[in-house]
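Q: Residue numbers (this note's numbering), protein chains in the order written: chain A, 15 to 182; chain B, 17 to 156. Ideal Cβ placement from N, Cα and C applies to all residues, glycine included. In this text, all values refer to a predicted model and were calculated from it rather than measured experimentally.
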Amino acid sequence: MSIKKMTTLALYTVIALTIFVIESALPPLVPIPGIKLGLANIVTLLLLKNYSPGETFLVLIMRIVLSVFFAGQAMSLLYSLAGGLFCFAAMYAVNRFLSGKFLFVTSIIGALFHNAGQLLVAFLITSTTAVFLYAPYLILSGTITGLFTGLCAHFAQKYLLPHMKRNT
Amino acid sequence: MSDKTSSSKRNSKEYRKALILICFVMVLCALSVFLIVFRRNQDKNSYAAYIYSDGELQTTIDLSQITETQDITFYDETGGYNIIRVSYGKIEVIEANCPDKVCVHMGAIHSSAVPIVCLPHKLVIVLKENGIKAPDTITY
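1. Span of the beta strand (DSSP E) holding residue 127 of chain A?
2. Just grab the DSSP bridge partners of residue 86 of chain B for me.
3. Tell me the DSSP secondary structure of residue 148 of chain B in three-state form.
4. Taking its Cβ as the centre, do 16 or more other Cβ atoms sit within 10 Å of residue 123 of chain B, making it buried, or is it exposed?
5. Is residue 108 of chain A helix, strand or coil by DSSP?
6. Return helix, strand or coil for residue 43 of chain A, following the three-state DSSP convention.
7. Going by the CB atoms, is the gap between residue 107 of chain B and residue 65 of chain B shorter than 8 Å?
8. Mapping the DSSP letters down to three states, classify residue 49 of chain A as helix, strand or coil.
9. List, in order along the chain, the chain A residues whose C-beta lies closer than 7 Å to that of residue 51 of chain B?
10. Which residues in chain A have a C-beta closer than 7 Å to the C-beta of residue 102 of chain B? List them in chain order.
11. Tell me whether the beta-carbon of residue 34 of chain B lies closer than 8 Å to the beta-carbon of residue 112 of chain A.
12. Going by Cα to Cα distance, which pick from A/55, A/37, A/83 is closest to residue 70 of chain A?
13. May I have the straight-line CA-CA distance separating residue 100 of chain B from residue 57 of chain B, to the nearest angstrom?
14. Since residue 114 of chain B and residue 132 of chain B are thought to touch, with beta carbons under 8 Å apart, how far apart are those beta carbons, to the nearest angstrom?
15. How should residue 32 of chain B be labelled, buried or exposed, when 16 other C-beta atoms within 10 angstroms of its C-beta is the threshold for buried?
16. Give the interface partners of residue 21 of chain A over in chain B, defined as CB-CB distance under 8 Å, in chain order.
17. Report all residues from its chain with a CB closer than 6 Å to the CB of residue 127 of chain A; omit the five preceding and five following residues, and keep chain order.
18. Using the C-alpha atoms, what's the distance from residue 159 of chain A back to residue 84 of chain B?
19. Excluding the 5 residues preceding and the 5 following residue 1 of chain A in the sequence, name in chain order all residues of the same chain whose CB lies nearer than 7 Å to its CB.
20. Helix, strand or coil: how does DSSP classify residue 108 of chain B here?
21. Listed from N- to C-terminal order along the chain, which residues in the segment 96 to 126 of chain A have their beta-carbon within a distance smaller than 8 Å of any beta-carbon of chain B?
22. Between which two residues does the alpha helix (DSSP H) carrying residue 78 of chain A extend?
23. Go ahead and label residue 68 of chain A buried or exposed: buried means 16 or more other beta carbons lie within 10 angstroms of its beta carbon, across all protein chains shown.
24. Which residues bound the beta strand (DSSP E) around residue 259 of chain A?
25. Would a check of beta-carbon distances place residue 44 of chain B closer than 8 Å to chain A?
26. Run the proximity test for residue 161 of chain A: is its beta-carbon closer than 7 Å to any non-hydrogen atom belonging to the ligand MG?
27. Cβ of residue 106 of chain B less than 8 Å from any chain E Cβ?
28. With a threshold of 6 Å on Cβ separation, who are the neighbours of residue 67 of chain B within its own chain once the five nearest residues in sequence on each side are excluded?
29. Within 10 angstroms of its Cβ, does residue 39 of chain A collect 16 or more other Cβ (buried), or is it exposed?
30. Starting from the C-beta of residue 88 of chain B, find all residues in its chain whose C-beta is less than 6 Å away, skip the five residues before and the five after it, and write them out in chain order.
31. Distance, Cα to Cα, residue 132 of chain A vs residue 145 of chain B?
Here is the structure:
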């Protein structure tokens, strides 16, 4: 990996981390736990489209591990990791399936799988099936927030990335 | 020209694949809305009343099974009484010979939030939800 690539990826990690920290400082939109916009996913989406899956994975893992130091408890690492890995796997598959087009669809599927991964961890930790009663709410919210972050990524791709590419 | 590009975009393979995925997501959404509404209706008034006298459970009444309003009188050892009115989904004390009448002034309760307590007669009426309960914020 060249120095230039490493620096670029570090820059993306910082962007994702900043978005994540700012978002976690915002008050929750709805009183149901586990529902948030997931704006840091914008960076993952952009990387998935413009860089290789391995590099995306690297940035994602770095962001999750670092975010625990900045804004979370040790327990949330497990949730974030499970959600992040599920999300990445699903988004990678969908992105390949759609050959990089329709980023917002990729984002929606990613958000749904992110929620599914977190529910699974919650189930494994508490070992109560009652956590799956949350699934309908999480599917609805995941679709909406996934669409939102997907559109953010779409417009970032369209208007921001050309400038970033030119300068790097 | 622009018409041609948009039509070719519309007929592209990715467009159809994306449509399939969107349909899949929409079906999931519809299903979850249905589940939420279904559960809402099921949960309504599904409470059982637990009546304790001097700390001992006297009777339980499933408030979702009550079709007609009925009155039940409870006596304690010292001759005090409370007349309890049970209706569909709610329960109240309508009359008592205790000095303060806190239980009567409390009115009817519909949820497990606050119990009815008559301290002079050591009578407690608690509502508890029937069936499974979703985890609260703390357990999550």
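A: Once the coordinates are examined:
1. On the first sequence, residue 127 of chain A is found 113 positions in, with the first residue counted as 1. Under the DSSP assignment, residue 127 of chain A falls outside any beta strand (DSSP E), being part of the alpha helix (DSSP H) whose first and last residues are 117 to 140.
2. As a position in the second sequence, residue 86 of chain B is number 70, starting the count at 1. According to DSSP, which records beta bridges pairwise, residue 86 of chain B is partnered with B/102.
3. Taking the first residue of the second sequence as 1, we reach residue 148 of chain B at position 132. Here residue 148 of chain B scores only 46 on pLDDT, less than 50, and its place in the model should not be relied on; the value that follows carries that caveat. Correct three-state label for residue 148 of chain B: coil.
4. As a first step, residue 123 of chain B is located in the second sequence; it is residue number 107 there, counting from the start. Only exposed fits residue 123 of chain B, as fewer than 16 other CB atoms lie within 10 angstroms of its CB.
5. Within the first sequence, the letter at position 94 stands for residue 108 of chain A. Shown here, residue 108 of chain A sits in a helix according to DSSP, grouped into three states.
6. Sequence index remark: in the first sequence, residue 43 of chain A carries index 29 (1-based). DSSP places residue 43 of chain A outside both helix and strand once states are collapsed to three, so it counts as coil.
7. As a working note, residue 65 of chain B is residue 49 in the second sequence. As a working note, residue 107 of chain B is residue 91 in the second sequence. Their beta carbons are under 8 Å apart, which means residue 65 of chain B touches residue 107 of chain B by this criterion.
8. Here residue 49 of chain A refers to the residue found at position 35 when the first sequence is read from its first residue. Reduced to three states, the DSSP call for residue 49 of chain A is coil.
9. Position 35 of the second sequence holds residue 51 of chain B. Listed by position along chain A, the residues whose Cβ is nearer than 7 Å to that of residue 51 of chain B are 150.
10. To locate residue 102 of chain B, count along the second sequence from 1; it is residue 86. For residue 102 of chain B, there are no neighbours in chain A by C-beta distance under 7 Å, as the nearest C-beta there is about 29 Å away.
11. Along the second sequence, read from residue 1 onward, the residue named residue 34 of chain B stands at position 18. Along the first sequence, read from residue 1 onward, the residue named residue 112 of chain A stands at position 98. Yes, they are a contact pair.
12. On the first sequence, residue 70 of chain A is found 56 positions in, with the first residue counted as 1. Nearest C-alpha to residue 70 of chain A: A/55.
13. On the second sequence, residue 100 of chain B is found 84 positions in, with the first residue counted as 1. On the second sequence, residue 57 of chain B is found 41 positions in, with the first residue counted as 1. For residue 100 of chain B and residue 57 of chain B, the distance between alpha carbons rounds to 27 Å.
14. In the second sequence, counting from the first residue as 1, residue 114 of chain B sits at position 98. In the second sequence, counting from the first residue as 1, residue 132 of chain B sits at position 116. Not a contact, Cβ separation roughly 12 Å.
15. Counted from its first residue, the second sequence places residue 32 of chain B at position 16. With a threshold of 16 other beta carbon atoms within 10 Å, residue 32 of chain B falls short and is exposed.
16. For the purposes of this step, residue 21 of chain A is taken as the residue at position 7 of the first sequence. Under the 8 Å cutoff, chain B gives no residues; its nearest Cβ is about 33 Å from residue 21 of chain A.
17. Sequence index remark: in the first sequence, residue 127 of chain A carries index 113 (1-based). Same-chain partners within the cutoff: 100, 101, 104.
18. Within the second sequence, the letter at position 68 stands for residue 84 of chain B. Within the first sequence, the letter at position 145 stands for residue 159 of chain A. Their Cα atoms are separated by approximately 47 Å.
19. Not covered by the structure: residue 1 of chain A. The range shown for chain A is 15 to 182.
20. Mapped onto the second sequence, residue 108 of chain B falls at position 92. DSSP, read as helix, strand or coil, puts residue 108 of chain B in strand.
21. Of all residues in the segment 96 to 126 of chain A, 108, 111, 112, 113, 115, 116, 119, 122, 123, 126 have a Cβ within less than 8 Å of some Cβ in chain B.
22. Position 64 of the first sequence holds residue 78 of chain A. Element bounds for residue 78 of chain A: 67 to 85.
23. For the purposes of this step, residue 68 of chain A is taken as the residue at position 54 of the first sequence. Around the beta carbon of residue 68 of chain A, fewer than 16 other beta carbons sit within 10 angstroms, so the residue counts as exposed.
24. There is no way to answer for residue 259 of chain A, as the model of chain A reaches only from 15 to 182.
25. For the purposes of this step, residue 44 of chain B is taken as residue 28 along the second sequence, with counting starting at 1. So, interface residue.
26. As for the ligand MG, it is missing from this structure, which has no ligand bound.
27. Of the protein chains in the structure, A and B, none is chain E.
28. As a working mapping, residue 67 of chain B is identified with position 51 in the second sequence. These residues qualify, in order along the chain: 74, 75, 141.
29. Counting from 1 along the first sequence, the entry for residue 39 of chain A is found at position 25. Residue 39 of chain A should be labelled exposed.
30. The sequence position of residue 88 of chain B within the second sequence is 72, counting from 1. Cβ contact annotation for residue 88 of chain B (same chain, cutoff 6 Å, sequence separation greater than five): 100, in chain order.
31. Locating residue 132 of chain A in the first sequence gives position 118, counting from the first residue. Locating residue 145 of chain B in the second sequence gives position 129, counting from the first residue. Taking the straight line from one Cα to the other gives about 28 Å.
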